[in-house]
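Numbering (our numbering), first residue to last: 6 to 616.
Notes for the one structure printed next.
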């Protein structure tokens with residue numbers, strides 16, 4: 006099979022080059038569209054159900070809302086756990102599904118069961134609804150409203166947040182929810198006087214029912230007039246305090262009793278369970294932008310910032326939106342760090358190739374394996390939805406040195422066959438024979454490296470979500486390097502590599518290197534003069550740095566080959582030393598990360614009043 010691939014590559018060299026260019030172009034296209042995150046998203050596969058109610062204690066919330074919702078979710082396919090929290094006026098039910106299950110399918114299952122839960126919840130106790138399609142990594146941007154004039158109340162600022170900013174931000178692609186925090190949600194409060202109710206023989210329920218009945222618009226079909234249809238409707242929605250005050254509760258002996266007779270109507274705020282402060286000095290209205298599951302954090306944040314600049318122009322004079330935290334800074338820092346390490350690794354590998362391979366052409370053939378393999382991995386990352394993050398890009402950085410191993414073997418063998426050939430055989434035949442000799446060994450060697458990462462694919466839970474991206478990218482990049490070595494490298498070698506000239510052609514330059522080296526290492530000069538014939542026969546491709554390394558390496562090898570017991574003893578000593586040191590290393594799941602942004606959140610006992 007490998008020989009057939011090599012023959013196909015050399016017979017169709019133009020097609021092979023075109024395919025290589027297409028793969029690299031597709032890889033770059035996929036890279037530009039990869040989701041970019043700081044870390045792999047380790048959040049569980051979760052669907053949340055929220056139910057807001059008014060005035061119920063946690064015991065009633067648990068009994069009448071949380072339990073029916075939990076009971077309706079039992080038996081759903083793929084559910085691994087159901088947990089809930091019942092607070093004053095709020096029920097939260099978390100439904101956990103198996104990892105890998107499509108989140109939209111999971112939400113569809115939950116949505117179907119919610120109808121069953123609604124039928125079991127008493128009327129007026131709340132309407133359960135699913136939370137946003139996001140995860141724990143979804144909070145991408147925080148902002149607050151700054152009033153430089155000082156004339157707007159917290160209620161007015163919260164209204165701007167809820168009715169101007171939120172609807173505009175939710176139209177940004179990739180934003181699934183915008184949460185408002187702080188301030189007061191504007192409400193019309195009807196403060197009933199109990200003595201007035203007794204005086205007019207009214208109950209509180211009668212006041213509530215009358216307010217609801219008189220705060221609606223109704224339709225009455227249409228009437229025909231002069232061959233035209235006119236829609237008839239009755240407008241009853243209250244739009245001001247005066248409209249509410251004029252609602253008639255009852256009539257006694259022809260005398261109407263209005264709402265103003267039994268209550269005071271005023272503008273107030275909804276019950277608050279939390280607040281937001283700025284620097285602990287003043288209360289502010291703020292918002293949180295939540296991105297859609299699976300979207301690119303950097304792209305979403307950039308689009309949100311552009312929309313915020315537009316919204317600022319439509320706000321009242323003196324009111325501005327001030328972002329104080331965005332995830333883009335962390336994402337950019339993490340990706341820049343890993344990308345920098347990746348580029349540095351590529352530069353170092355190419356530099357080492359130039360030094361040790363002794364020629365630009367073979368170094369170019371080998372060096373091209375790095376971008377090809379990395380971009381090959383990017384195609385698969387885009388296909389499987391693996392984001393570009395600290396772990397996935399870190400895997401590519403780790404694999405940089407391994408990506409050129411197979412191609413180095415191919416290129417070195419091609420160079421050796423070309424150098425030893427004295428028959429004048431065509432170069433393409435020499436390349437085919439050289440690649441066929443090493444094709445199967447490099448395939449086995451690469452397969453073994455990929456197999457080493459298989460245990461990482463078996464990890465489950467948080468550790469699996471953390472380290473699987475690394476295993477995927479390393480394995481995919483190594484597969485790309487094997488494809489390059491078997492299919493692309495033979496063609497590149499045939500096109501770029503040449504038979505080297507006679508030894509004397511580069512004599513003047515080589516002799517200068519030898520003179521410089523001889524000044525620093527007289528013994529090496531002496532040894533070279535006595536071993537010239539041996540070196541020319543055994544290592545015709547050795548360049549100066551390789552000769553220096555071999556000069557120090559050969560005596561060590563000779564020593565341990567002759568004294569094998571010493572080699573075994575040294576190996577055992579190193580193993581024992583490692584066993585003794587390992588328990589003292591300590592352990593952490595992740596290294597300490599300094600993002601550079603501090604957000605303080607204070608959580609107090611539920612019994613403490615907000616004031």
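C-beta atoms are modelled at their ideal positions from N, C-alpha and C, and glycine is treated no differently.
Small disclaimer: the values here were computed from a predicted structure and weren't measured.
CB contact flag (residue i, residue j, <8 Å)
i: residue 95; j: residue 57; result: yes
i: residue 326; j: residue 316; result: yes
i: residue 454; j: residue 408; result: no
i: residue 293; j: residue 184; result: yes
i: residue 87; j: residue 100; result: yes
i: residue 130; j: residue 70; result: yes
i: residue 1; j: residue 141; result: For residue 1 there is no data in the structure shown, the boundaries of the chain being 6 and 616.
i: residue 78; j: residue 112; result: no
i: residue 494; j: residue 370; result: yes
i: residue 304; j: residue 254; result: no
i: residue 377; j: residue 30; result: no
i: residue 386; j: residue 471; result: no
i: residue 201; j: residue 248; result: no
i: residue 273; j: residue 192; result: yes
i: residue 354; j: residue 398; result: no
i: residue 298; j: residue 108; result: yes
i: residue 502; j: residue 419; result: yes
i: residue 480; j: residue 449; result: no
i: residue 402; j: residue 350; result: yes
Candidates the options, of which the one nearest residue i by Cα
i: residue 488; options: 37, 440 and 473; result: 440
i: residue 43; options: 308, 292, 201 and 302; result: 302
i: residue 496; options: 92, 12 and 569; result: 12
i: residue 605; options: 280, 310, 486 and 339; result: 280
i: residue 467; options: 24, 103, 452 and 54; result: 103
i: residue 498; options: 551, 437, 591 and 113; result: 437
i: residue 482; options: 381, 410, 33 and 167; result: 381
i: residue 154; options: 324, 110 and 603; result: 324
i: residue 460; options: 474, 450 and 449; result: 474
i: residue 400; options: 410, 415 and 383; result: 383
i: residue 629; options: 569, 229, 310 and 65; result: No answer is possible for residue 629: the residues shown for the chain start at 6 and end at 616.
i: residue 76; options: 92, 123 and 109; result: 123
i: residue 319; options: 166, 82 and 132; result: 166
i: residue 245; options: 220, 232, 34 and 259; result: 220
i: residue 34; options: 329, 388, 449 and 443; result: 388
i: residue 284; options: 329, 359 and 18; result: 329
i: residue 198; options: 190, 119, 263 and 168; result: 263
Neighbour-count burial assignment, residue i, 16 or more Cβ in a 10 Å radius
i: residue 609; result: exposed
i: residue 476; result: buried
i: residue 490; result: buried
i: residue 2; result: The question about residue 2 has no answer here: the residues shown for the chain are numbered 6 through 616.
i: residue 287; result: exposed
i: residue 6; result: exposed
i: residue 321; result: exposed
i: residue 367; result: buried
i: residue 333; result: buried
i: residue 213; result: exposed
i: residue 392; result: buried
i: residue 82; result: exposed
i: residue 222; result: exposed
i: residue 148; result: buried
i: residue 416; result: buried
i: residue 575; result: exposed
i: residue 513; result: Confidence in residue 513 is poor, its pLDDT being 41 and thus under 50, which makes the residue's placement unreliable; the coordinate value appears in the next sentence. Result: exposed.
i: residue 539; result: In this prediction, residue 539 scores a pLDDT of 40, lower than 50, which makes its location untrustworthy; no coordinate-derived value is stated.
i: residue 143; result: buried
i: residue 452; result: exposed
In DSSP terms, what residue i is bridged to
i: residue 269; result: 196
i: residue 44; result: None; residue 44 has no bridge partner.
i: residue 96; result: 56 and 91
i: residue 50; result: 102
i: residue 293; result: 147 and 184
i: residue 229; result: 234
i: residue 326; result: 150
i: residue 223; result: 239
i: residue 287; result: 283
i: residue 256; result: 261
i: residue 191; result: 274
i: residue 134; result: 55
i: residue 393; result: 41
i: residue 586; result: None; residue 586 has no bridge partner.
Minimum Cβ-Cβ distance from residue i to chain B less than 8 Å
i: residue 231; result: Absent from the structure: chain B. Only one protein chain is present.
Sequence ranges, beta strand (DSSP E) only - wholly within the stretch 160-188, length at least 3 | 180-186, all fully within the stretch 160-188.
Ordered list of alpha helix (DSSP H) runs contained in the stretch 405-489, each at least 4 residues = Runs found: 410-425, 432-457, 459-462 and 466-488.
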